[in-house]
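Chains as they are written, first to last, in my numbering: chain H, 6 to 240; chain L, 6 to 240. Beta carbons: idealized from backbone N, C-alpha and C, even for Gly.
There are 2 protein chains.
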Amino acid sequence: MYDINAYNQMMQKLKGGIIVSCQSKEGDPTHCPEFMAAFAKSAEIGGAAGIRANSVVDIEAIKKVTDLPVIGIWKRHWEDAWWNIMITPTFADCKELADAGADIIAIETTGRKRPNNEDVKELVDRVRNELNVPVMADCHDMEDAMRTNADIIAPTLSGVGTTEDEYTPPWALIEKMVKEGGRPVIAEGHFWEPPYVERGFGLGVHAIVIGSAITRPWMITERFVQFSPQGKAKS
Amino acid sequence: MYDINAYNQMMQKLKGGIIVSCQSKEGDPTHCPEFMAAFAKSAEIGGAAGIRANSVVDIEAIKKVTDLPVIGIWKRHWEDAWWNIMITPTFADCKELADAGADIIAIETTGRKRPNNEDVKELVDRVRNELNVPVMADCHDMEDAMRTNADIIAPTLSGVGTTEDEYTPPWALIEKMVKEGGRPVIAEGHFWEPPYVERGFGLGVHAIVIGSAITRPWMITERFVQFSPQGKAKS
Numbered sequence: 006m007y008d009i010n011a012y013n014q015m016m017q018k019l020k021g022g023i024i025v026s027c028q029s030k031e032g033d034p035t036h037c038p039e040f041m042a043a044f045a046k047s048a049e050i051g052g053a054a055g056i057r058a059n060s061v062v063d064i065e066a067i068k069k070v071t072d073l074p075v076i077g078i079w080k081r082h083w084e085d086a087w088w089n090i091m092i093t094p095t096f097a098d099c100k101e102l103a104d105a106g107a108d109i110i111a112i113e114t115t116g117r118k119r120p121n122n123e124d125v126k127e128l129v130d131r132v133r134n135e136l137n138v139p140v141m142a143d144c145h146d147m148e149d150a151m152r153t154n155a156d157i158i159a160p161t162l163s164g165v166g167t168t169e170d171e172y173t174p175p176w177a178l179i180e181k182m183v184k185e186g187g188r189p190v191i192a193e194g195h196f197w198e199p200p201y202v203e204r205g206f207g208l209g210v211h212a213i214v215i216g217s218a219i220t221r222p223w224m225i226t227e228r229f230v231q232f233s234p235q236g237k238a239k240s
Numbered sequence: 006m007y008d009i010n011a012y013n014q015m016m017q018k019l020k021g022g023i024i025v026s027c028q029s030k031e032g033d034p035t036h037c038p039e040f041m042a043a044f045a046k047s048a049e050i051g052g053a054a055g056i057r058a059n060s061v062v063d064i065e066a067i068k069k070v071t072d073l074p075v076i077g078i079w080k081r082h083w084e085d086a087w088w089n090i091m092i093t094p095t096f097a098d099c100k101e102l103a104d105a106g107a108d109i110i111a112i113e114t115t116g117r118k119r120p121n122n123e124d125v126k127e128l129v130d131r132v133r134n135e136l137n138v139p140v141m142a143d144c145h146d147m148e149d150a151m152r153t154n155a156d157i158i159a160p161t162l163s164g165v166g167t168t169e170d171e172y173t174p175p176w177a178l179i180e181k182m183v184k185e186g187g188r189p190v191i192a193e194g195h196f197w198e199p200p201y202v203e204r205g206f207g208l209g210v211h212a213i214v215i216g217s218a219i220t221r222p223w224m225i226t227e228r229f230v231q232f233s234p235q236g237k238a239k240s
């Protein structure tokens with residue numbers, strides 16, 4: 006089990022703060038660890054309380070430029086009916102993230118069958134007890150939030166694979182998580198407008214993760230273009 | 006004089022579109038030409054109609070990754086009462102930008118004394134006639150807009166060096182430029198909210214430049230942080 010005092014100190018640093026998710030996909034012009042590190046350093050300069058990052062190489066690059074706590078994930082391809090990615094599916098992945106310096110490991114806690122049939126509740130327990138790293142549960146719904154003993158719960162996967170409005174946070178789920186989750190909630194997903202931050206904290210979340218709205222310039226461009234005559238002509 | 010047909014074709018491509026300004030300053034974690042090129046490519050993927058960029062090295066890097074028209078500038082240090090930078094102050098700077106492939110050159114057309122005493126009206130004429138590149142006038146007010154024969158006018162410098170709200174475009178000046186400027190207006194400055202794009206085009210501008218809100222991750226972070234408890238505690 007990890008050092009509870011160190012955990013509490015880290016959570017105190019994250020409390021009321023913005024965590025910036027610095028991720029890119031194959032094919033993105035910014036897809037390389039040096040870019041992710043530059044985004045993470047930019048986030049720190051802008052006042053971020055933490056970073057969320059994907060993969061060992063990105064976390065290693067980010068750890069070199071900032072002392073902010075890093076939530077580590079590893080998105081793996083996993084063909085499946087509703088989403089062909091699984092967030093940190095195996096214990097082996099978690100082990101590598103911990104070795105790379107992840108301060109928290111985020112694991113998808115959906116009920117989906119995992120690549121090697123690991124049980125997600127056991128996986129979370131092993132990460133907490135054997136790797137000594139706290140776990141954030143990336144959830145699709147309230148059932149996912151209550152499925153494991155994760156330290157932190159998050160509505161990260163709400164709306165993924167659906168046609169839900171991509172520019173609006175899942176308010177109802179966030180509220181339910183705060184009221185019934187019995188653990189700190191870190192809100193994540195669709196926080197595109199700065200006033201949403203105020204609303205999220207008003208609901209009682211511990212911290213808020215913002216990703217694409219800060220670190221995916223092509224998506225930010227697209228959002229502005231939608232309001233231009235050229236954008237309207239295309240849609 | 007530049008090819009008027011080519012100019013008209015380029016202006017047609019920019020019409021009703023978003024131009025993404027990809028700039029960084031010494032000290033920014035993203036300060037290198039490769040990052041600016043990645044931002045420019047991201048902008049293209051997101052549907053941008055053009056790019057604005059600072060300095061020869063950045064423009065050269067950007068020209069390698071995109072065919073979008075590039076508005077070139079060169080910000081030079083210039084100690085002065087109200088702003089210690091001057092945008093593309095000399096003919097020599099313009100010549101280098103043209104050689105680097107700038108499709109439009111933006112020049113500050115304020116009445117400020119220039120480093121080598123060049124007259125700004127003559128400077129604009131020389132760029133148009135000798136370098137065969139159209140000129141965009143970066144203006145502080147309406148007087149700057151009418152000071153030269155620039156092809157395009159822009160309210161770029163409105164609010165620079167003042168305490169004006171940095172998140173709101175200079176609507177009054179934009180409107181005045183469209184009504185009285187007698188030339189296409191490219192709006193620029195403080196377009197932080199996507200709906201501002203709609204409002205800007207509603208006023209009759211030809212295109213809109215968006216910079217920091219897309220390509221300065223530390224400033225975007227700062228804006229979100231302002232709405233968080235940590236941000237409020239600091240201010």
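Going by beta carbon distance, what residues of the same chain come within less than 7 Å of V70 of chain L, once the five residues before and after it are set aside? Closer than 7 Å at the Cβ level, and outside the excluded window around V70 of chain L, lie A42, A45, K46.
Indicate whether the contact test is met: 3 or more Cβ pairs, each with one atom in the region 178 to 188 of chain H and one in the region 197 to 209 of chain L, closer than 8 Å. Cβ pair count under 8 Å is below three, so no.
For the region 17 to 41 of chain H, which residues have a beta carbon sitting closer than 8 Å to at least one beta carbon of chain L? Taking 8 Å as the Cβ-Cβ cut-off against chain L, the residues of the region 17 to 41 of chain H that qualify are K20, G21, G22, I23, V25, D33, P34, T35, F40.
Under three-state DSSP, which class holds N13 of chain L? Secondary structure at N13 of chain L: helix, using DSSP grouped into helix, strand and coil.
Using a Cβ cut-off of 7 Å (strictly closer), state whether Q14 of chain H contacts chain L. Chain L has no Cβ within less than 7 Å of the Cβ of Q14 of chain H.
Does the region 151 to 164 of chain L come close enough to the region 122 to 133 of chain L to have 3 or more Cβ pairs within less than 8 Å? Under the 8 Å Cβ criterion, the region 151 to 164 of chain L counts as touching the region 122 to 133 of chain L, having at least three qualifying pairs.
For the alpha helix (DSSP H) containing G205 of chain H, name the first residue and the last one. 199 to 207 is the extent of the alpha helix (DSSP H) around G205 of chain H.
Using a Cβ cut-off of 9 Å, pull out every chain L residue sitting near V207 of chain H, in sequence order please. Looking at the sequence itself, residue 207 of chain H is Gly, so the reference to Val does not match. Simply none; closest approach about 10 Å.
With 16 as the cutoff for other CB atoms within 10 Å, does K68 of chain L come out buried or exposed? Buried, since its Cβ has 16 or more Cβ neighbours within 10 Å.
Every unbroken alpha helix (DSSP H) within the region 29 to 115 of chain L, with a cutoff of 4 residues, ordered by chain: Inside the region 29 to 115 of chain L, DSSP marks whole alpha helix (DSSP H) runs of 4 or more residues at positions 38 to 50, 61 to 70, 96 to 105, from first to last along the chain.
CB-CB under 6 Å to R119 of chain L, same chain, minus the five flanking residues each way: which ones, in chain order? Correct list, in chain order: P94.
The alpha helix (DSSP H) enclosing D149 of chain H, as first and last residue numbers: For D149 of chain H, the enclosing alpha helix (DSSP H) stretches over residues 147 to 151.
Indicate whether at least one CB of chain L lies closer than 7 Å to the CB of R57 of chain H. Output row for R57 of chain H: interface = no.
Check V25 of chain L in the structure and name its three-state DSSP category. In the structure shown, V25 of chain L sits in a strand (DSSP, three-state: E or B).
As a quick exercise: from L:P199, L:A11, L:P160, L:D170, pick the residue whose alpha carbon is nearest that of I112 of chain L. Closest in alpha carbon position to I112 of chain L, among L:P199, L:A11, L:P160, L:D170, is L:P160.
Please list, in chain order, all residues of the same chain as D143 of chain H whose beta carbon is under 7 Å from its beta carbon, the five residues on each side excluded. The residues are I92, A111, I112, E113, T114, A159, T161, L162.
Could you tell me whether any Cβ in chain H is nearer than 7 Å to the Cβ of G52 of chain L? Output row for G52 of chain L: interface = yes.
Test: V125 of chain H CB closer than 7 Å to a CB of chain L: False, the Cβ-Cβ gap to chain L never drops below 7 Å.
Give me the residue from L:S29, L:K20, L:A11 with the minimum Cα distance to V210 of chain L. L:K20 is the residue among L:S29, L:K20, L:A11 whose C-alpha sits nearest the C-alpha of V210 of chain L.
Using a Cβ-Cβ distance cut-off of 7 Å, determine whether V230 of chain L contacts chain H. Yes, its Cβ sits closer than 7 Å to a Cβ of chain H.
Helix, strand or coil, according to DSSP, for E193 of chain H in the structure here? Three-state result, E193 of chain H: strand.
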